[in-house]
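What follows is a set of notes on a single structure, which appears directly below.
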Amino acid sequence: TYSFNTPEERDLFKKIFHYEPEKYSVIGLHVNQPVIPNLPEPPFEYILYIGRIDAGKGVYSLIEFFLEWKYKTNSSVKLLLVGGGEHSDFNNPDIIFTGYISEEEKVNYIKNALLLVNPSHLESFSIVVMESWLLEIPVLVNQESEILRAHCIRSNAGLFYSDQDSFVATLNYLLKYPDIRKKMGANGKLYVEMNYTRDIVRKKLIHLVETVVQSNV
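The structure is reproduced here in structure tokens:
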């Protein structure tokens, strides 16, 4: 008996092991509704990354793409990077590193972001994407992450990019149309509430256990 977070995870299992389990369920993870803190809004507009500052997470490529976008658009929007890691090589007023922060500060940054960017090509479920959607913030993700791309397609709550040109195009589109960003954020909240709340995940787990028990009686 197997449990998977997403259909793509199940498909990867079948591809690697050349085996389709007879009993399995796509359950996912439960994500709690973030508690909105009473903190002031940041005094600037920004797109947001949350995670380790690491090349393996695609952060340095994100920085390069963002700076090229800034050069082409002369926008006042900044890139806010939340998380630990090495960033001493970058010294630019449009790129802000916060280091480690509290949960309240993290939620406040998500709530007030124009959008969340997840540049990792190896990302799986991504709790921070789900948290952003629960706060009705759309996302922009790396197309090479099959799971993140599929989340965006199923939810209609985010876009994806594959290179510099597509990053510029998708970011420009999302920033140009705030009504679409708002609609996508609402779509994301609905998607998480329909699939990844505590009660829904619990019901899926119980159903999987009951199915296994009944088959062995």
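According to our numbering, the sequence shown is numbered sequentially starting from -14. Virtual Cβ for every residue (Gly too), placed ideally from N, Cα, C. These figures come from a predicted structure and were not determined experimentally.
If you follow the beta strand (DSSP E) that residue i is in, where does it begin and where does it stop?
i	result
N141	First-last for N141: undefined, no H or E at that position.
V203	The structure shown has nothing for residue 203, since the chain only spans -14 to 202.
T83	I80 to G84
V114	That residue, V114, is in no beta strand (DSSP E); its alpha helix (DSSP H) goes I112 to L119.
Y34	Y31 to I35
Look at the alpha carbon of residue i and the alpha carbon of residue j, and state the distance between them as a whole number of angstroms.
i	j	result
P163	K189	36 angstroms
P104	E129	9 angstroms
E7	N157	45 angstroms
Y(-3)	S111	Sequence check: residue -3 is Leu here, not Tyr. Looking at the two C-alpha atoms, the distance is approximately 17 angstroms.
L107	H3	21 angstroms
I1	Y9	16 angstroms
E89	Q199	44 angstroms
I185	I138	21 angstroms
L133	E(-7)	10 angstroms
M169	E49	26 angstroms
L160	K(-1)	39 angstroms
Grab me the residues of residue i's own chain with a C-beta within less than 6 angstroms of its C-beta, minus the 5 sequence neighbours each way, in chain order.
i	result
V44	I38
E26	N97
S109	I132
Under 7 angstroms Cβ to Cβ from residue i, same chain only, skipping five residues before and after it: list those, please.
i	result
A98	Y31, I32, L33 and I122
I21	V92 and K96
Beta-carbon within less than 8 angstroms of residue i's beta-carbon, same chain only, minus the 5 sequence neighbours each way: which residues are those?
i	result
L101	I32, L33, Y34, I35, I95, V113, V114, S117, I122, P123, V124 and L125
Measure how close the beta-carbons of residue i and residue j come, nearest whole angstrom, since I'm counting them as under 8 angstroms.
i	j	result
F51	L64	5 angstroms
Y262	L14	Outside the displayed range of the chain (-14 to 202) lies residue 262, so it cannot be described from this structure.
V67	T83	5 angstroms
Restricting to Cα atoms, I'd like to know which of the options is closest to residue i.
i	options	result
D79	H3, E90, N127 and F29	F29
A142	L159, E131, V194 and N172	N172
L119	N127, S140 and A135	S140
Q149	Y56, A40, G69 and K167	Y56
Ends of the alpha helix (DSSP H) at residue i?
i	result
N93	E88 to K96
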